[in-house]
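Accompanying notes for the structure given below.
Residue numbers (my numbering): 34 to 210.
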């Protein structure tokens with residue numbers, strides 16, 4: 034039993050480190066957009082900057098995760114996290130609907146009305162693959178915020194997370210290319 038607890042502690046520490054990394058990158062991107070310094074949103078002039086909506090959603094997911102880690106037993110924290118995740122899911126659905134159909138409000142245009150060009154590519158818009166990742170990751174997170182998720186719920190969340198992991202790998206390779 035001691036070895037399993039040790040492994041679980043290592044996984045939790047790794048998760049915290051990765052979430053801190055994502056939170057830091059998101060804060061840098063938001064700062065870059067706020068102060069018109071796209072280098073902070075891309076970390077290199079050769080990379081397309083992270084879209085403001087993407088940075089905000091990442092920051093919201095990180096914040097939800099940290100809230101649950103700090104106070105997992107509080108019922109009102111769990112409800113707050115679930116409401117925040119549901120709100121982020123609705124935002125991503127609106128962004129995806131607008132991207133694929135042109136219907137609905139252009140939330141990205143509201144966030145940052147005059148994004149710069151990166152060559153011929155207009156920046157400031159969330160990648161469709163990133164949106165798909167959020168459409169899978171946020172429900173997985175919602176499933177895990179149930180008070181005591183059963184084995185089937187945890188398995189469904191793990192399956193969604195695996196798909197997000199594969200999709201994220203493809204996304205990273207695409208950006209690096």
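All C-beta atoms in this analysis are idealised placements derived from N, C-alpha and C, irrespective of residue type, glycine included.
Can you tell me whether residue i is buried or exposed, with buried defined as 16 or more other CB within 10 angstroms of its CB?
| i | result |
| --- | --- |
| residue 66 | buried |
| residue 82 | buried |
| residue 157 | buried |
| residue 87 | buried |
| residue 171 | buried |
| residue 74 | buried |
| residue 141 | buried |
| residue 49 | exposed |
| residue 103 | exposed |
| residue 167 | buried |
| residue 193 | buried |
| residue 106 | exposed |
Looking at the structure shown, is residue i part of a helix, part of a strand, or coil, going by DSSP?
| i | result |
| --- | --- |
| residue 158 | coil |
| residue 132 | helix |
| residue 172 | helix |
| residue 179 | coil |
| residue 107 | coil |
| residue 166 | helix |
| residue 120 | helix |
| residue 96 | helix |
| residue 137 | coil |
Report, in whole angstroms, the separation of the C-beta atoms of residue i and residue j, which I expect to be a contact under 8 Å.
| i | j | result |
| --- | --- | --- |
| residue 180 | residue 111 | 7 Å |
| residue 119 | residue 164 | Not confirmed; about 16 Å, so no contact. |
| residue 98 | residue 52 | 5 Å |
| residue 177 | residue 190 | 5 Å |
| residue 89 | residue 100 | Residue 89 to residue 100, Cβ: 16 Å. No contact. |
| residue 85 | residue 145 | 5 Å |
| residue 138 | residue 124 | Contact doesn't hold; Cβ gap of about 10 Å is too wide. |
| residue 175 | residue 115 | 6 Å |
| residue 203 | residue 162 | 7 Å |
Sorry if obvious, but does the Cβ on residue i come closer than 6 Å to a heavy atom of the ligand ATP?
| i | result |
| --- | --- |
| residue 159 | Absent from the structure shown: the ligand ATP. Ligands present: none. |
Counting Cβ pairs, one atom from each stretch, are 3 or more of them under 8 Å apart for the region 180-199 and the region 127-143? Touching, no, given that fewer than three Cβ pairs across the two stretches are closer than 8 Å.
May I ask you to verify whether the region 55-67 touches the region 91-98, counting CB pairs closer than 8 Å and requiring at least 3? Yes, the region 55-67 touches the region 91-98.
Can you give, in chain order, each stretch of the alpha helix (DSSP H) that sits fully within the region 44-84 and has at least 4 residues? Listed in chain order, the complete alpha helix (DSSP H) runs (minimum 4 residues) inside the region 44-84 are 71-75.
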